[in-house]
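Reading through the structure tokens given below for one structure.
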Amino acid sequence: MTEWPATLDRRYHDVVIFDLACVVVETAPETVQARDSTPLLLRRLRDVGIATAVYSRDPGCRQSLCSAGLDGFVDVAIDARNPRLANCAFLVEVAARLDARPERSVVIGCDRPGVEAAIDNGFGLIIGVAHRPDAGTELLACGADTVVDDLAGISVRSGGTAIANIADAVEVYNQLKELVAVRRPAVFLDFDGTLSDIVEHPESATLVAGAAAALRALAEQCPVTVISGRDLADVRGRVNVEGIWYAGSHGFELLEPDRTHHEKTSATEVVDALSLAATRLTTMLADISGIRVEHKRFAVTIHYRNVDAGNVGRVIATVRKYGHAEGLRASLGRKVIELRPNTLWNKGTTLDWLLEHIESRNAGSSAMLPIYIGDDLTDEDAFDAVEFDGVGIVVRHDEDGNRSSAALFSLGSPAAVCGFIRRLADDLQEIAATPADPWELVYDGYRPEDERLREALCTVGNGYVATRGCAPEASASAVHYPGTYAAGVYNQLSDRISGRTVENESLVNLPNWLSLTFRLNDGPWFCVDDAELISYRQIFDLRHATLTRTIRFRDSAGHETTLSQQRFASMHQPHLLAMRTTISAENWSGTVEFRSLLDGSVRNTLVERYRPLSDTHLADSAIDDIGPTSVLLQTQTSQSRIAIAIAMRSTVWRDEVRAEARYRTVREGGRGGHDIQLTVSAGQSVTLEKVATIVTGRDSAISEPASAASHYLDESGRYADLHHQHARAWARLWEQCAVNLDDNTVALRILRLHLVHVLQTISPHTAELDAGVPARGLHGEAYRGHVFWDSLFIAPVLSVRMPNLARSLLLYRYRRLPQARRAARRAGYRGAMYPWQSGSDGREVSQQLHLNPQSGKWNPDPSARAHHVGLAIAFNAWQHYQVTGDRQYLVDYGAEMMVEIARFWVGLAKFDGRRARYTINGIIGPDEFHSGYPGMQDDGIDNNAYTNVMAVWVILRAMDALDMLPLRDRLDLVGRIDLTAEELDRWEHVTRRMFVPFHDGVISQFEGYENLAELNWEHYRRRYGNIQRLDRILDAEDDSVNNYKASKQADALMLFYLLSSEELLNLFGRLGYRFAPEQIPKTVDYYLARTSHGSTLSAVVHSWVLARGNRQLAMDYFGKVLESDIADIQGGTTSEGIHLAAMAGSVDLLQRCFTGLEMRDDRLILGPLWPETLGPMEFAIVYRGQRLHLRIKGRSATVTAEAGKGQPIELECRGRVRQLAPGHTIEVG
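Following this line, the structure appears as structure tokens:
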């Protein structure tokens, strides 16, 4: 019934006192019942911690509540005519019984006497309930703040958290530092009680020591505003710092740093009324000792800090009555009551206005982060304003008891505020001064021989689609390869080889959207390989995943031109890619003609050894104009029939103005677009913006690809706007995924490059797709884009940062569980046998024949025997639960997948009566070199130690998962898959009697390994140099790696990579084997001498297993991991696609290996061992829904849990278990 909402808020109100008539209604003589809305309101008040009382002027209040069934909801019930209560002070007595002051109490009444009594006793809020149509006007007239027709019109807010329980901003400062590293902060501060101590006489307030210098330093780094209830001139004079915003009178008047003045127009209309109010209230309150009336231009503030407690009610009542009579709004603060213009304007609305104006003056790619610091009740409006998109920090005090606040953090005093903003200023200065080097991959000079490597490393992608960093003017050649790939778009082709029909499924190279060249004055079309280059620089901006190429060149006529091109694949809108090309004429005038095309004639020809095979995956393209500057290409894959549509727009601009240009349609051999010609003068520049949208038939929530692509193109704007949105999306990703090394710029740059490529392959957009992890990313065609076991190395990086992404990778496997079951049945087993190589539908797509480029021979490929991929899937499924604690995931997906994988391995294990143990024969382990024994090249090997031990681990975890399911869900799963008690008994037996081979005190890679010949490693290194692919070298010599103790990569050592020594020793003990801790380094050294490191993953695992025993060698291998792709240490393989698992592995080495970070037994375990010489390492993870910030230095770690309402987590370090609560920090070591 009034413009002000009726809201009860725990921050402002400790008690609500009801008139009995407001909560019950008499239905018959001496019979009452609760009003319909009463129980709900009382329950909500109890839930948020606001005490309740009910009074009646007639006897029997408690009895009436009992009759209505409300007595259990009310803390105090009292009869106002109780002779022990003074006639006019009974409400004060009720509040006192609940330890509340009247100014923090609410009275809800339905008649004049109740409202007037509340006013007379200085209650903070008075709500009238109008049970009759005409009662509302009367209640407002006698002073009610607001009136409702029914209690249902009253809302309740929890008001946040008790101030004493709010995390201290200093203790969790790392959380804030991480936020401001990727967002642009704007800091807002109250004055009294925040920058100045509260003093008895307001005119004596000054900045605390050091505050002025801290504000100046902060203002140099970000926008700063002081918002005060004081007059603008007053607060401006007391702070006296240039370069900041000032907001006086709660924002009714403002001053910009350049002295531009603003004021709220509606407030100026009551300036005279406020002046008169100050004069009259001074007179009305003159007899009260300690009172002080402060007249401001837009407010009158009555300070009662020094007033006797018995007179406070009178002060509040007098001011409220006067304000009500004169149409002014009264509000309470710290020992003050204030009259202001009766308009919805406060520190929160002021902050919103300021943010809008500050953002308009400080445009940038990063999102703005408002930080508000205040101490008063009036600051709660500002805390509300930043609740969802900023940070509120309350300054603690006890004048209102342990009241609630909506602030996220707290500080202890104005001195602590000063220290905080000084620290923030210093950190912002350090961030601003940080060189761009760690955020840029820079190539100076054009080197054709390196171009394909650069293309892979400078790929731009967003998890849905990715495009190699190819020169836009180039087509596929020995130097260039313009590949674009969409997650999950596969196609199958057949060939005849050596009399056999072989089928290969490949990730499809999509039509090339990038194609763009130009010519000057009707000369030859530009090609970087033909141009006379004056300078060449290519920069891959890792912060925003944006590739820039800048070239200065000279043509045959001596004309010098600068070409600048920038491109990105939008992380904001996954279907969108964009490129901007600017031509600057330095010393000539004439015409520029662009040729901007879509090319549907592309094939899959990147990998040389695949070229003898079929490579045309796309049907003929149809290209149509869809506007004067736009075209649409439609095609589909030849076998899988996936429709593909690409819409493209090319527009030209001159100095941000659309340029006049002549467009001519081009169609030639599956390519189509426009030739665009315009003129340019010396010293001028022209820009072409090319925007493309890609949609496939695999996408959800579309009608069909062509219309969706056209729609997305129509919705897209200018390049700069699109890039701004893209950059903001990347800022959010870096906030989740950043790893910081203080003292190693080179390593930090490579780690960021690795994270970029992981996120360009698997992003939040991937979570919406049915797609796995291609081993070589979306960056090339090696391994035909197949999905192997690489998620074993990638999921740990994602699961502790973006658990939903790790979950989506597991769902890719879960959706293919039926196919894995079919594969197991065809092989004669129960359970699920996952394929070594997977693509579209979960079938085994490992190639049947493999070309050895060393010998030119096609050999059978037995890699389908690598069943250990299922172990990796089960391991990830269990680790996902350990990280997230998501039991519903186990119920819906995880347990079923783990049980079926375990079931397969139990079936594969055969009992050997001679040994009285189970054996697993005819498989291939992680090594990949050994596909059989000498003379039996492709029959597999027996009892691979890694496989047998991990099979036991998986069976045990599957039993744990079953045990964790609620009874009904467990019965449902067991019934659906027909899992019998006899089977489970066998599972138990297998986990106690699995065979594991040993020799010479070390774990044998497989049974019989010790009988193989030793390889003359030095001989082969001298002869061939790089012997990483020793298998191909020996095959070309008509020999076989199966004859030797030689591994491509870590195999048995994978046990030490996946399992802690404690877990491994427990497993061996369960199996009845004596395995001492000193056998671990002995086993590591044994295989270290017998490994060729033919896989980039080998260095990851070796660095890991050496970290505890040989730190220097571990760091050497860590260096090799960093070099894997950027230095292309495998001699040309990176150009065919990056090694995604090794890239993720480099990050995982930091986050888990050198920190000793584990998630098991429902706790977080740390054991830091990071070289102190490398400086501190910092990163954040998400564990059980809580975000933790870790700072690692040497053998110690500082762990901060972000503020919030989660439960404490258990954290163990070197045997000591501690509790870490949200908003707190602990140090371990």
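Per the UniProt record's numbering, the sequence shown starts with residue 1, numbered consecutively. We put the CB at the ideal spot given by N, CA and C, even for glycine.
Worksheet item: How many angstroms separate the CA atom of I302 from the CA atom of S228?
Response: Here residue 302 corresponds to residue number 302 of the sequence shown, with the count starting at 1. Here residue 228 corresponds to residue number 228 of the sequence shown, with the count starting at 1. So the two alpha carbons sit approximately 16 Å from each other.
Fill in: Sub-8 Å separation of D79 and T52 beta-carbons
Taking the first residue of the sequence shown as position 1, residue 79 is located at position 79. Taking the first residue of the sequence shown as position 1, residue 52 is located at position 52. At least 8 Å separates the beta-carbon of D79 from that of T52.
Worksheet item: Can G210 be considered in contact with the ligand GDP, in the sense that its beta carbon sits closer than 7 Å to one or more heavy atoms?
Response: Summarising the ligand content, the structure contains no ligands, and the ligand GDP is consequently not present.
Worksheet entry | Contact belief for S158 with V23 at Cβ below 8 Å, rounded distance in angstroms | Working through the sequence shown from its first residue, we reach residue 158 at position 158. Working through the sequence shown from its first residue, we reach residue 23 at position 23. So it is not a contact: roughly 22 Å between Cβ atoms.
Item to complete: Can you give me the Cβ contacts of F420 inside the same chain, cut-off strictly under 7 Å, excluding the 5 residues immediately before and after it?
Response: Your numbering for residue 420 matches position 420 in the sequence shown. Excluding residues within five positions, the ones whose Cβ falls inside 7 Å are A169, V170, L411.
Fill in: Where the beta strand (DSSP E) through D625 begins and ends
Counting from one through the sequence shown, the residue named residue 625 turns up at place 625. 622-627 is the span of the beta strand (DSSP E), which, as asked, contains D625.
Fill in: Minimum C-alpha distance to V336 - residue among I1209, R305, G72
For this step, residue 336 is matched to residue 336 along the sequence shown. Answer by Cα proximity: R305.
Fill in: Separation of L741 from E1178, as counted between CA atoms
Taking the first residue of the sequence shown as 1, we reach residue 1178 at position 1178. Taking the first residue of the sequence shown as 1, we reach residue 741 at position 741. Near 7 Å, if we compare the C-alpha coordinates of L741 and E1178.
Discussion item. Between the alpha carbons of R1160 and A958, how many angstroms are there, rounded?
Written reply: Within the sequence shown, numbered from 1, the residue matching residue 1160 stands at position 1160. Within the sequence shown, numbered from 1, the residue matching residue 958 stands at position 958. Looking at the two C-alpha atoms, the distance is approximately 15 Å.
Worksheet item: Over what stretch of residues does the alpha helix (DSSP H) that includes T947 continue unbroken?
Response: Position 947 of the sequence shown holds residue 947. Where T947 is concerned, the enclosing alpha helix (DSSP H) starts and stops at 945-964.
Discussion item. By the three-class DSSP mapping on this structure, what secondary structure does A820 have?
Written reply: Indexing the sequence shown from 1 puts residue 820 at position 820. In the structure shown, A820 sits in a helix (DSSP, three-state: H, G or I).
Worksheet item: Since H786 contacts A771 with CB under 8 Å, what's their CB separation in whole angstroms?
Response: In the sequence shown, counting from the first residue as 1, residue 786 sits at position 786. In the sequence shown, counting from the first residue as 1, residue 771 sits at position 771. That pair is no contact at about 12 Å.
Worksheet item: At least one CB of chain B closer than 8 Å to the CB of V1217: is that the case?
Response: Absent from the structure is chain B; it holds one protein chain and no more.
Worksheet item: For F191, which beta-bridge partners are listed by DSSP?
Response: Counting from one through the sequence shown, the residue named residue 191 turns up at place 191. Answer is none; F191 lacks a bridge partner.
Worksheet item: DSSP on T434, reduced to helix/strand/coil?
Response: By one-based count along the sequence shown, residue 434 stands at place 434. Note: T434 maps to coil in three-state DSSP.
Worksheet entry | Residue range of the alpha helix (DSSP H) that includes M1115 | By 1-based counting over the sequence shown, the position of residue 1115 is 1115. First-last of the alpha helix (DSSP H) with M1115: 1111-1126.
Discussion item. Report the CB separation of A578 from S570 in whole angstroms; it is logged as a contact under 8 Å.
Written reply: Locating residue 578 in the sequence shown gives position 578, counting from the first residue. Locating residue 570 in the sequence shown gives position 570, counting from the first residue. A578 to S570, Cβ: 7 Å. Contact.
Worksheet entry | Three-state class that DSSP yields for K1193 in the structure shown | What you label residue 1193 is simply residue 1193 of the sequence shown in a count that begins at 1. Looking at K1193 - three-state DSSP - the assignment turns out to be strand.
Worksheet item: So what does DSSP say about Q1186, is it helix, strand or coil?
Response: Along the sequence shown, one-based indexing puts residue 1186 at 1186. Correct three-state label for Q1186: strand.
Discussion item. Taking the alpha helix (DSSP H) that T350 belongs to, which residues open and close that run?
Written reply: Indexing the sequence shown from 1 puts residue 350 at position 350. Where T350 is concerned, the enclosing alpha helix (DSSP H) stretches over 347-361.
Fill in: Rounded separation between N509 and L713 - CA only
As a first step, residue 509 must be located in the sequence shown, where it is residue number 509. As a first step, residue 713 must be located in the sequence shown, where it is residue number 713. Their Cα atoms are separated by approximately 21 Å.
Discussion item. Would A167 and F409 be called neighbours here (beta carbons separated by less than 8 Å)?
Written reply: Locating residue 167 in the sequence shown gives position 167, where the first residue counts as 1. Locating residue 409 in the sequence shown gives position 409, where the first residue counts as 1. Yes, these two residues count as a Cβ contact at 8 Å.
Worksheet item: What is the DSSP secondary structure of Q586, reduced to helix, strand or coil?
Response: Indexing the sequence shown from 1 puts residue 586 at position 586. According to the sequence as given, residue 586 is Glu; it is not Gln. Taken through DSSP and simplified to helix, strand or coil, E586 comes out as coil.
Worksheet item: If you follow the beta strand (DSSP E) that R554 is part of, which residue opens it and which one closes it?
Response: Residue numbering aside, residue 554 sits at position 554 when the sequence shown is read from its first letter. Bounds of the beta strand (DSSP E) holding R554 are 546-554.
Worksheet entry | First through last residue of the beta strand (DSSP E) which encompasses Q538 | Looking up residue 538 in the sequence shown gives position 538. Segment 532-541, the beta strand (DSSP E) holding Q538.
Worksheet item: Hey, is the stretch 591-598 in contact with the stretch 488-499, meaning 3+ C-beta pairs nearer than 8 Å?
Response: no
Worksheet item: In chain order, what residues of the same chain lie with their CB nearer than 7 Å to the CB of R1108, ignoring the 5 residues before and after it?
Response: What you label residue 1108 is simply residue 1108 of the sequence shown in a count that begins at 1. So the qualifying residues of the chain are L1169.
Worksheet item: Is DSSP giving N87 helix, strand or coil here?
Response: Counting from one through the sequence shown, the residue named residue 87 turns up at place 87. A caution first: N87 carries a pLDDT of 47, below 50, which makes its placement in the model unreliable, though a value can still be read off. Coil, per DSSP.
Practice prompt. Starting from the Cα of G1131, find the closest Cα among S1095, E704, F793 and give me that residue.
Written response: Position 1131 of the sequence shown, counting from 1, holds the residue named residue 1131. With distances taken between Cα atoms, G1131 lies closest to S1095.
Practice prompt. Evaluate the contact criterion for the stretch 207-225 versus the stretch 326-335: three or more CB pairs, one atom per stretch, below 8 Å.
Written response: no
Discussion item. Would D192 and V208 be called neighbours here (beta carbons separated by less than 8 Å)?
Written reply: Walking along the sequence shown from the start, residue 192 turns up at place 192. Walking along the sequence shown from the start, residue 208 turns up at place 208. For D192 and V208, no; Cβs fall outside 8 Å.
Worksheet item: Near D14, what residues of its chain come up, given a Cβ to Cβ distance below 6 Å and the 5 sequence neighbours on each side ignored?
Response: Reading the sequence shown from its first residue, position 14 is the one you call residue 14. A100, R104.
Discussion item. Rounded to whole angstroms, what is the Cα-Cα separation between T343 and A299?
Written reply: Within the sequence shown, the letter at position 343 stands for residue 343. Within the sequence shown, the letter at position 299 stands for residue 299. So the alpha carbons of these two residues sit roughly 12 Å apart.
Discussion item. Alpha carbons only, please: which of R280, R35, H723 is nearest the one belonging to T546?
Written reply: Taking the sequence shown and counting its residues from 1, one reaches residue 546 at position 546. Closest option to T546, Cα to Cα, is H723.
Fill in: Per DSSP, the bridge partner or partners of C61
Within the sequence shown, residue 61 is the residue found at index 61, counting from 1. Residue pairing by DSSP places C61 opposite no residue, since no beta bridge is assigned to it.
Fill in: Closest by C-alpha distance to V235, when choosing among E203, E263, H262
Numbered from 1 along the sequence shown, position 235 holds the residue referred to as residue 235. It is E203.
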